[in-house]
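Notes follow once the structure below has been shown.
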Amino acid sequence: MTRQPVRFYQVGSFAVGNRLLNDEDRTVQSSPNRTNSIDSGHRACQGCGEVLGARYALDAAMRATNGQLVAVNATGCLEVFSTPYPETSWRIAWLHSLFGNAPAVATGVAAAMRVKGKSEVRVVAQAGDGGTVDIGFGCLSGMFERNDDVLFICYDNEGYMNTGVQRSGATPPAARTATTVAAGPEPGNVFGQGKDLPRIAMAHDIPYVATATVADLHDLEQKVERAMEIHGARYLHVLVPCPLGWGSASDETIHIARLAKETGLFPVFAAEHGRVTSVSPIRHRTPVEEYLKLQRRYAHLFGSSPRPDIVARLQEIADENIARYGLVTEEAGESVASEVRT
Amino acid sequence: MLRQIEGSRAVAETVALCRPEVVCAYPISPQTHIIEAVGAMVKAGLLSPCEFINVESEFAAMSVSIGSSAAGARTYTATSSQGLLFMIEAVYNAAGLGLPIVMTLANRAIGAPINIWNDHSDAMAVRDSGWIQLFAETNQEAADLHVQAFRLAEELSVPVMVCMDGFILTHAVEGVDMLDQSVVDGFLPPYEPRQVLDPNDPVSIGAMVGPEAFEEVRYLAHLRQMDALERIPAIAQEFEELTGHASGGLVRSYRTEDADTIVVALGSVLGTIKDAVDVRRQAGERVGVVGITSFRPFPGEAVREALSGASRIIVLEKAFSIGFGGVLATDVALVVQGSNAKVFSVVAGLGGRAITRRSLEDLLAQSVRGELNPLTFLDLDQAAVDRERARMASTRRSGPSAENLLRDLGSDYAASKAQT
Amino acid sequence: METPFAITLNAGTSRANHTGSWRTERPLYVDRLPPCNNACPAGEDIQGWLYEAESGNYEAAWRKLVVDNPFPAIMGRICFHPCETACNRVQVDDAVGINAVERFLGDLALEHGWSLPVVTLDTGKRILVVGAGPAGLSAAYHLRRLGHQVRLVDSAEQLGGMMRYGIPAYRLPRVTLDAEIARVVDLGVEVELGHAVLDVEAERRAGNFDAVFLAVGAQIGKRVDIPAGDSSKVIDAVSFLHQVAEGDPPLLGRRVAVYGGGDTALDAARTARRLGATDAVIVYRRNRERMPAHGEELEQALGEGVTMRWLSTVDRFEGGRLVLETMRLNEQGFPEPTGEFEELDADALLLALGQDTDLSLLKTASDVVVNDGVVQVQASMMTGEDGVFAGGDAVPADRTATVAVGHGKRAAHGIDAYVMGTALESVPKHELATFEKLNTWYYSDAPRTERPELERIRRQTNFEEVVGGLTEENALFEARRCLSCGNCFECDNCFGVCPDNAVIKLGPGLRYEFDFDFCKGCGICVKECPCGAITMVPEII
């Protein structure tokens, strides 16, 4: 299923809302009646991408389920900043158990709802990348393999931010973390490691796998909506920049997420039953430097002793993604291909 | 109805009578027969509505149970040994969240060395998790305790672990008086959760609690277990009135009226001890037995009372805290302090080693003679231990002790064979 | 639900935690000046009326437009739209077709007979407006709206000034011109035509006017001394166009040369083609890049068969033959003679070398300062003479109809302040909404819609309008291409992107406000505002 962009309106296809659009063509986020699944007063850092991603996704899921939603949360930033006693920011039914078990807990909730005859209640499990690709991976793979009726959402900020920015299996090559410092001949995280969880999820042949970023709300909401139309195991991987861990300005969160997609470093696509069904094409192809330079975790690649060789390797990764998913349509890409090469 | 039935099967069928709504487990010996049987009943539609979920690990099994219980479903699982340890983070979590999950622990030793046979190391490893731990002496009691466990768990919002000795009970076929569905239904009302995940009344379950309230949360959990000390005997009594089965309760005494030596133990070994006591009684020794059914909460007052006439207390247990001694013995010693009784810790039956009536008789005799050491390892092959100690002293790279001992005992065995 | 202590919490309780205290900077909604508005000589609130047009509220759009300029149908045809040159959308794809939408609104108003608001105010002040061109008409319009009585006089027989006598009908159909002028006159303007004011002071005294606005234009074609034989026909282009407008075109012959490089030269050449000239050649001493005429008019002229002789001056004209000297541009870009000559057959030579103003009516107004043939004015458009104002081509500025309309408005306000004895309010301009302040990612890709043009063959034989109007669908599309630079258009982005739900949506037309109890000052709303209508300011501690 591909999304039909809203055309002929100044910002109909990309901005949150538009006064000229019918309500049904606007995003959930444009509505003053949105759930605000995670409400004000949470303790997320300024410009946190994860809290934004969570509200986007869960509000969309709430609309798709008419409010019949339960969320299971893994340990991590999202859990810690939302529910420190005596206050919670959640406006939805929410359960936190452990770091590594959110998929299984969600399976249990879904099973309970079935036996209780409340099959209209749908279940979302959510975790950061550590809780997804590392410590929660066993439970996640099991949930996938059993095709349990759970939408699992990974808010990927590419590291263990809650514990102070350590490397995870989703940390990209060359990125500096507290456990992959910018020292030695190969500074930052090493090349050739890490898990591509969306593809691993696809290999489970589950009915729906998609990636998204906080930079394209329409796409993200549409994917949640699609996911909620399907029963069985579904996986949504949302890139959520972390100003603290990435060393970026708090106002750059959405911009950086957009660049991650526009460079090709983070491919945005959807797949059903293991096959890619749609990709979000790159609109303005951008060299990876523009993405990297906004983040201090890559500062060692620039400055007084720059590492163009490493930047080139990152560009190769972007180019491979572009080729693999066909992210560049003719009109968007080719005119700037030369720019990318510089 | 009295049936000759395997312990696992008796437990499975009784669990089914409790109408669990979600059952989730991962196979591990010796728990397998229980979950196979429950799974078969669900699959055949004999237990409905119920979801039986095969998961990829014990960690997932307990996690699924957390989810289903928090969503208001009566939830059951079972495990053993390594499995319990693999789920231990979730075990603590279930208790912390106050979820009334019932779990059968088919007690088994913990490796390394890997060992599938019975002892109580696994149960002791989660002693402090906040679960209620009930130990069954017989298969009848094992079956009956599950019915009482659901009632207790759901009344108090505390998870309950029913411990039954692996193989010794789980795989033993003996007579069990199986309950009727109507009896169980009359005893166990439908689950009414104290809190539940409900989209129409949303709450956040599992908040982060800091120093300002954590101690109170823990103390409240302790108070719920103290409440259980009231409820466990009351429930057992009600159960007995309904079924005629004297199962459960806090402690049970056998021939202790005039006893100056009392053996304290958990689980199925109580039967063998009772036989040994009977023998020693015939010899005129004033010996008795106290079986503890509720290990957590620990019924300190009941234990003290049961042991009040004894001057020698032998705590025989299938587990110990390496580097110190008996676990149960420590608890018993604490509650009888101030009396004149002397507490002896006896570690026995580790990794499935048979605890024979003969050995127990000898132990009692030794005790009466005043020859019992404060800490005794029953039927320990001291010679094998000494040889390994010598090897270790002489060779830096002496290799793993377990394998050395096996080799050592194997050559012994071969030599003895050759001699006959 | 009665919940267990501490581990379970009731929904949404974190609103007790006011995270606004974390803030070191706070966002602030602002209105910035859109570059189109900034560039509009008539001072139109272009972004403002496009905003109405975007929603299909065409009458509201038109009403907003005519607050500043009573001639949208005219402007939508003849304005050289500096707004589009300034438009930020140029840096995305192409400028918004502001001029086309303006025309659409103007035509729609005429079609539906929308009238200008009835004047109810009467200050009792009488103003004399000399000259009924765009400046005079605009001043009359604004003065009437301010409640003053206006007497509008012109020496010509019809209203419109250069809009009628300088701009050919194929660019501005007379029916449109007449209709929009009539609408202004209908506001109660006293009109006297065929009346040449010879002495402005005398006229002012005689009529007991409180103030005068001079909008006499620049009607006199400049002449240069070109050696020409007796039989050679040399006419100035202004006169030529005037005669054509009066329906009395002079006979030029089949080969017409036009000397000059401005819009008048193009108008003259194109008009000559329509009158039957087979060859219409423009002789200009510089090159295309340095030509002052507007590019689109040149394109249209070339499309109609007008040809160009770049880098050429007319040396002499004799016996049906023009002698041209070839020029070259020096390093400063000035043309220099080369001494090389060539010839061009021509039956007539039209001179389009600029226009002068006839200021003889100022002979008794001794305090009026005239420099380089134009009247010097202050910001209020008042000349050195008390109560005498001037605008349009008679004062130093670009000589376009739109500039003149702007002068008319400015002068009307200057006159109003003068006659009412109030101070002229000067509203400080908002900060310019430059391209860097926008986040153009959010705008849909929408290539510009061009207006249709008349087939070329039909343009060579008659005075039918060359450029057509937009359909409603196209006009709406074009209006919606507006980026709304610097002015909130309620796209909900700030409301959506706030990680702290600290933006309150106030409802349609009411925009948003920040909830400073929770705003942490991250600045995402500022960065992601498409139109640059939010800024960050330091938090006052």
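Residue numbers (the working numbering), protein chains in the order written: chain P, 4 to 345; chain U, 73 to 492; chain F, 646 to 1186.
Even for Gly, the Cβ is constructed at its ideal location relative to N, Cα and C.
Please confirm whether residue i has its beta-carbon closer than 8 Å to some beta-carbon of chain P.
i, result
"F/Phe1134", "yes"
"U/Glu93", "yes"
"F/Tyr603", "A question about residue 603 of chain F goes unanswered here, because the residues of chain F that appear run from 646 up to 1186."
"F/Phe1163", "yes"
"U/Glu161", "yes"
"U/Gly79", "no"
"U/Ala300", "no"
"F/Leu1115", "no"
For residue i versus residue j, is the C-beta spacing smaller than 8 Å?
i, j, result
"U/Phe124", "U/Asp216", "no"
"F/Ala1046", "F/Ala991", "no"
"F/Ala1039", "F/Val1020", "yes"
"P/Leu239", "P/Ile138", "no"
"U/Ser340", "U/Ile240", "yes"
"U/Ile77", "U/Val248", "yes"
"F/Asn733", "F/Leu1077", "no"
"F/Ile880", "F/Leu995", "yes"
"U/Asp332", "U/Arg353", "no"
"F/Pro715", "F/Val829", "yes"
"F/Tyr1087", "F/Pro1144", "no"
"F/Ala873", "F/Arg966", "no"
"P/Tyr301", "P/Ala178", "yes"
"U/Ala436", "U/Lys390", "Here residue 436 of chain U turns out to be Leu, not Ala, going by the sequence shown. Against a cut-off of 8 Å, the Cβ pair of U/Lys390 and U/Leu436 comes out as no contact."
"U/Arg75", "U/Met250", "yes"
"U/Asp194", "U/Ser135", "no"
Going by the DSSP bridge assignment, what does residue i pair with across the sheet?
i, result
"F/Trp694", "According to DSSP, which records beta bridges pairwise, F/Trp694 is partnered with nothing at all."
"F/Pro980", "F/Leu974"
"F/Ser794", "Note that residue 794 of chain F corresponds to Gln in the displayed sequence, not to Ser. According to DSSP, which records beta bridges pairwise, F/Gln794 is partnered with F/Arg771."
"F/Pro1183", "F/Glu670"
"F/Asp1012", "Per DSSP, none; premise fails for F/Asp1012."
"U/Lys414", "U/Arg384"
"U/Met233", "U/Met175 and U/Gln205"
So that I know if they touch, is there some Cβ in chain U lying closer than 8 Å to that of residue i?
i, result
"F/Gly1168", "no"
"P/Glu82", "yes"
"P/Arg10", "In this prediction, P/Arg10 scores a pLDDT of 49, lower than 50, which makes its location untrustworthy; the coordinate-derived value is nonetheless stated afterwards. Output row for P/Arg10: interface = no."
"F/Asn1146", "no"
Step through the CB atoms of chain F and report whether any lies within less than 8 Å of the CB of residue i.
i, result
"P/Gly20", "yes"
"P/Pro290", "no"
Below 7 Å between beta carbons is the criterion; list the residues of the stretch 121-139 of chain U that meet it against any residue of chain P, in chain order. Pro121, Cys122, Glu123, Ile125, Val127, Glu128, Ser129, Phe131, Ala132, Ser135, Val136, Ser137, Ile138 and Gly139
Output needed in chain order: residues of the stretch 661-672 of chain F with a Cβ under 8 Å from some Cβ in chain P. Ala661, Asn662, His663, Thr664 and Trp667
Kindly provide the ranges of any alpha helix (DSSP H) runs that are 4 or more residues long and lie completely inside the stretch 346-380 of chain U, ordered along the chain. 372-378
Ranges of the beta strand (DSSP E) found wholly within the stretch 36-97 of chain P, counting only runs of at least 3: 72-76
Of all the residues that make up the stretch 32-64 of chain P, which are near chain U by a beta-carbon distance shorter than 8 Å? none
Report the start-end ranges of each alpha helix (DSSP H) in the stretch 857-909 of chain F that is 4 residues or longer and not cut off at the edges. 882-890
Entirely within the stretch 1141-1173 of chain F and at least 3 residues each: give me those beta strand (DSSP E) ranges in chain order. 1148-1150 and 1157-1159
For the stretch 267-284 of chain U, enumerate the residues whose C-beta is nearer than 9 Å to any C-beta of chain P, in chain order. Val268, Leu269, Asp270, Pro271, Asn272, Asp273, Pro274, Val275, Ser276, Ile277, Gly278, Ala279, Met280, Val281, Gly282 and Glu284
Can you list, in chain order, the residues of the stretch 675-709 of chain F whose Cβ is nearer than 8 Å to any Cβ on chain P? Glu699 and Ser700
Residues of the stretch 1063-1089 of chain F with Cβ closer than 7 Å to any Cβ of chain P, in chain order: Trp1086, Tyr1087, Tyr1088 and Ser1089
Members of the stretch 370-397 of chain U that neighbour chain F once the beta carbon cut-off is set at 8 Å: none
Uninterrupted beta strand (DSSP E) stretches inside the stretch 186-220 of chain P (no shorter than 3 residues): 211-216
So if I threshold CB-CB distances at 7 Å, which residues from the stretch 108-141 of chain P count as touching chain U? Val108, Ala109, Thr110, Gly111, Val112, Ala114, Ala115, Met116, Arg117, Val118, Lys119, Val124 and Gly141
In chain order, what residues of the stretch 70-94 of chain P put their CB closer than 9 Å to some CB of chain F? Ser85, Thr86, Pro87, Tyr88, Pro89, Glu90, Thr91, Ser92, Trp93 and Arg94
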